[in-house]
Every structure is written in C-alpha cells, then in structure tokens.
Amino acid sequence: MLDIAYASPAEREEVAQFMNAVFVRAKWGIDSWRKLLAGRWCGPEGRYAITVRDDGKLIGVLGLVYAERQTSNGPRTTADMTSWYVLKEYRGQGVGKKMIALATLDPDVTVTNFSSAKAAVNVLEKAGLAELDRERLVWHPSNSAGFEVHEDPLALGDRLPAKDRRIIGDHQGLRLRHLSVETPDGLCTMVIYPQKKHDDYVTHEIMYLSDQPLFAEYAKRIAASVLPSEAAILSLDRRFAQSGIACDDVREFATPRYCQHGLLDPSEIDMLYSECVLLNIKIH
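Residue numbers for the sequence shown follow our numbering, beginning at 17 and rising by one.
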C-alpha cells in the first residue's frame with residue numbers, strides 16, 4: 017500500500033537526492049535542490065514536500081515552497097508547487113491526483129503553480145486549481161522622459177514602507193533587481209527578474225509592484241527608466257495591471273498561471289516566494 021504524506025525535516029536530503037536523480041534534464045545540481053527544499057521562507061521545520069512511498073521506498077515527490085506573504089489583509093500563507101515526479105511504473109493509478117489533493121487540503125493555504133508543464137494542466141484543474149492569468153503586458157525601451165531610480169531601496173530607510181522592506185529583505189542574494197522609482201506621485205518599488213528567454217533580448221519580468229495604480233499611471237516612463245538597453249523588454253502579468261494602463265504589446269503565456277482561489281485576490285499573488293526565483297526558472 018502506498019503511503020502519501022508530508023515529508024519530515026529528516027527526509028530533506030533523501031528528497032533532494034531523489035529530485036536530482038529523476039529530473040535528468042534539469043541544469044542545476046544537488047546544491048540547488050537543497051536550496052529549493054531548505055525552507056527559506058518557512059523555516060527548517062516547515063513543510064517543503066509531499067512524498068509517496070511503497071513499503072518505505074521513495075517513489076514520488078511534490079515540492080512545495082511555503083511562505084508567509086505580507087498582503088493588504090495581513091499575513092497569508094502560500095505554497096508554490098514545484099518539481100512533481102512519480103516513477104513511471106506507478107503512474108496511471110491516481111497517485112498524482114492524491115498528492116495534489118493533500119497539497120490543497122489546508123483551507124488556510126493558497127497553492128500556486130506558475131510554471132506548469134502543459135501535460136499537467138488537466139490534473140491541476142481537476143484538483144481544483146483555477147486559472148490565475150494567461151497573458152502579460154509588454155513595454156519596449158523608449159525615449160520617454162525617465163525618472164530617478166534607486167537601485168538599493170533599503171538605503172531609503174523609513175521612506176520605504178515596512179511591507180516593501182520585508183519583501184526585499186526576504187529576497188536578498190537571488191538573481192533579482194530591487195528598484196524604487198521616483199514618480200511625481202511618490203515611490204513605485206519593484207522587484208524585477210531578468211531572464212534571457214530569447215536570443216534577441218532580455219525579458220525584465222516584474223515579480224512585485226508596491227503600488228499598482230501608480231505604475232499604471234506612469235508605466236511608459238517607468239519602463240524607460242528601468243530598462244537597461246534596447247535589447248530588453250519590461251513584462252507585467254495582466255492581473256497586476258490596473259485600469260487605464262497602456263502598454264506596447266500583449267502576449268499570451270505558453271501555459272497559464274494557476275492557483276487556488278478564495279483566500280487572496282489575484283492582484284496579490286505575485287511570483288516571489290516561489291520556485292521561479294530559487295531555481296532561476298524561465299517564466300514563459
């Protein structure tokens with residue numbers, strides 16, 4: 017009989033080694049798997065994976081990146097799904113469905129999935145995850161009059177709200193740009209993830225916006241301020257776009273984003289605190 021359960025802290029290394037062995041196409045090594053499972057935002061005793069065992073043998077895993085997010089309604093817990101695998105001989109028996117059922121069981125946790133494979137979409141939807149977003153807005157470099165950009169927002173001290181200081185502090189040491197832009201109506205703080213998705217340009221993905229209406233008001237000029245060169249674009253998921261925003265282009269994702277609806281407004285479900293920033297995954 018198969019045993020499906022949350023992994024204990026003592027199983028961390030075994031789960032990391034399993035992931036390193038089965039995800040043969042992944043370009044990162046064992047240290048990256050350990051970093052993914054370390055509980056950066058929930059502590060070493062927090063949940064980090066669901067395991068499936070057959071008479072003690074590990075035959076399946078589902079990684080979960082737990083975090084306490086700061087929202088407009090106070091702290092809320094999210095769990096980002098990552099690195100889901102079941103050995104081939106155990107597939108087709110409903111094992112994956114049971115794993116997701118356990119992952120989505122807690123009514124106080126919002127489960128997210130930002131980078132699902134197309135083949136997994138049907139399973140996600142059957143498990144109750146709903147489409148969160150399916151397109152992004154894009155800005156190209158321009159000659160619009162730019163604004164002053166602070167490359168180290170934490171140096172602004174008390175000018176930076178506590179929520180923004182916490183978010184930026186939580187993501188130090190990762191491949192992210194932390195910026196505060198001086199607009200005529202105040203600071204617009206952003207966390208941006210630069211990704212080389214295409215040979216011709218770098219996509220600067222906005223992972224977090226402190227003030228979505230302010231960004232909508234000055235989007236073109238903010239883009240001109242933060243984009244480093246002509247070989248770059250600025251990208252924002254549609255759910256963060258407030259009324260009146262104007263962009264240069266709209267592009268559909270290869271696979272939609274997914275989440276459990278109910279606890280958080282979609283506009284507050286950004287892509288920080290996820291596998292994307294821990295593993296430097298390209299967000300398509």
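Where is the CB? At the ideal position from N, CA and C, for every residue including glycine.
Do you know how far the Cα of residue j is from the Cα of residue i?
i	j	result
GLU29	MET35	10 Å
LEU52	TYR289	11 Å
ASP264	LEU153	8 Å
TYR209	ASP216	17 Å
ARG92	LEU74	31 Å
TRP44	ILE297	10 Å
PHE163	SER241	6 Å
SER283	ASN129	15 Å
TRP100	ASP71	20 Å
TRP155	PRO229	17 Å
ALA248	PHE231	19 Å
VAL111	ALA21	12 Å
VAL137	LEU145	9 Å
Which of helix, strand or coil does DSSP assign to residue i?
i	result
GLU221	strand
ALA254	According to the sequence shown, residue 254 is Arg rather than Ala. Helix at ARG254.
SER241	helix
ARG191	coil
TYR274	strand
SER88	coil
GLU198	strand
PRO210	strand
ALA37	helix
TYR234	helix
LEU170	helix
LEU52	helix
GLU151	strand
Excluding five sequence neighbours on each side, which residues of the same chain lie with their C-beta closer than 7 Å to the C-beta of residue i?
i	result
SER132	LEU140, THR271 and TYR274
VAL31	ALA23, LEU53, ALA65, THR67 and VAL77
SER48	LEU295
LEU172	HIS166 and SER196
Just to confirm the assignment, what range does the alpha helix (DSSP H) spanning residue i have?
i	result
TRP44	First-last for TRP44: undefined, no H or E at that position.
GLU141	137-142
LEU294	291-294
ASP180	178-186
Whose C-beta lies closer than 8 Å to the C-beta of residue i among residues of the same chain, with five residues either side of it excluded?
i	result
LYS142	LYS113
VAL293	HIS187, LEU190, ARG191, LEU192, TYR209, MET223 and MET287
THR126	ARG92, THR93, THR94, ALA95, CYS275, GLN276, GLY278, LEU279, LEU280 and ILE285
Looking only at its chain, what residues have a beta carbon closer than 6 Å to the beta carbon of residue i, apart from the 5 residues adjacent to it on each side?
i	result
LYS236	SER160
LYS212	VAL218
ASP19	ARG69
GLU246	PRO157
ASP180	THR205 and SER226
LEU203	SER196
Could you check where the beta strand (DSSP E) with residue i kicks off and where it finishes?
i	result
GLY162	Note, GLY162: premise wrong, no beta strand (DSSP E); not H, not E.
GLU284	Note, GLU284: premise wrong, no beta strand (DSSP E); not H, not E.
TYR22	18-22
ILE297	Segment: none, ILE297 is in no beta strand (DSSP E) and carries neither H nor E.
Taking 9 Å as the CB-CB limit, is residue i close to chain C?
i	result
VAL102	This model lacks chain C altogether, as it is built from one protein chain only.
> Along the chain, which unbroken stretches of the alpha helix (DSSP H) at least 4 residues long are found entirely within the stretch 90-133?
Replying inline: 111-119
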